[in-house]
Every structure is written in structure tokens, then in C-alpha cells.
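Chemist: Sharing a structure here in C-alpha cells format.
Right, here's the structure in full:
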């Protein structure tokens with residue numbers, strides 16, 4: 602979150618747009634672990650399930666300090682539907698998954714103009 606905030610401040614100083622996107626992973630999307638191409642370890646599952654709520658909590662704290670940062674945060678963690686078979690491991694997407702991300706980013710850009 603601190604890196605996102607730093608990037609936001611740099612972008613702001615150059616009068617550029619910045620979006621901090623919390624990307625989907627197989628756990629936030631509740632995807633099917635049995636369809637992964639690459640294996641995953643149980644400790645990784647537990648780490649991801651704990652991490653995303655903590656990231657969102659930290660973003661909310663940062664928003665209290667700088668409300669303009671809050672408008673740049675995009676929670677994309679649920680962009681992938683659970684029945685979609687688009688993950689090759691816990692975070693990496695195949696071509697179809699990447700297309701879903703691009704479509705959502707384009708939609709966000711249009712909304713925030």
C-alpha cells in the first residue's frame with residue numbers, strides 16, 4: 602500500500618492518472634483449485650486468505666490521511682467469476698483471464714474520466 606501511495610504521489614506531481622488495483626487471485630475469486638496447471642501449497646492458501654483483508658484495511662487507513670488516494674484504489678479481487686477456468690496458479694492468469702482484467706481496467710478508466 603505504501604508503494605501504491607508513493608506511485609500515486611509521483612503520478613499526481615506529474616498530473617498523471619494512477620490506479621492502485623488489487624488484482625484477483627484464485628482465492629478471492631473462489632476458483633477451482635483442482636483445475637490449476639501448477640500445484641499450490643496449503644500454506645500459500647492460508648497466506649492469501651489473510652493478506653487481502655489486511656491490504657484493504659491498510660488502504661482504508663491511507664484514505665483517512667489522503668482522501669484523494671482513495672479514489673485511485675480499485676478492488677479487482679472479485680473480477681474473476683468462480684466458475685471461470687482462467688488461473689494457471691494462485692495468481693497468474695491464462696489469456697482469457699488477462700482479457701477479463703483488461704476489460705475491467707478499460708471499464709474503470711471510462712468511469713473515472
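Residue numbers (this note's numbering): 602 to 714.
Built from N, CA and C at the ideal position, the CB exists for glycine as well.
None of the values given here were measured: they were computed from a predicted structure.
Nearest-angstrom Cα distance between residue 617 and residue 697?
Modeler: Residue 617 and residue 697: Cα-Cα distance of roughly 29 Å.
Chemist: Between the Cα of residue 620 and the Cα atoms of 602, 640, 695 and 644, which residue gives the shortest distance?
Modeler: 602
Chemist: If you follow the alpha helix (DSSP H) that residue 655 is part of, which residue opens it and which one closes it?
Modeler: For residue 655, the enclosing alpha helix (DSSP H) has its first and last residue at 643–666.
Chemist: Are there three or more Cβ pairs, one per stretch, closer than 8 Å when the region 653–660 is compared with the region 691–707?
Modeler: Not touching, per the Cβ criterion.
Chemist: For residue 692 versus residue 643, is the C-beta spacing smaller than 9 Å?
Modeler: no
Chemist: Would you list the residues sitting across from residue 621 in a DSSP beta bridge?
Modeler: 674
Chemist: Taking the straight line between their C-alpha atoms, what separation do you get for residue 712 and residue 673?
Modeler: 12 Å
Chemist: Would you tell me roughly how many angstroms separate the C-alpha atoms of residue 670 and residue 622, rounded to the nearest one?
Modeler: 12 Å
Chemist: Taking the alpha carbon of residue 631 as the point to measure from, which residue in 700, 690, 706 and 707 has its own alpha carbon closest?
Modeler: With distances taken between Cα atoms, residue 631 lies closest to 690.
Chemist: Starting from residue 709, trace the alpha helix (DSSP H) in both directions and tell me its first and last residue.
Modeler: 696–712
Chemist: Using the Cβ count rule (16 or more neighbours within 10 Å means buried), how would you classify residue 615?
Modeler: Answer is exposed; the Cβ neighbour count stays below 16.
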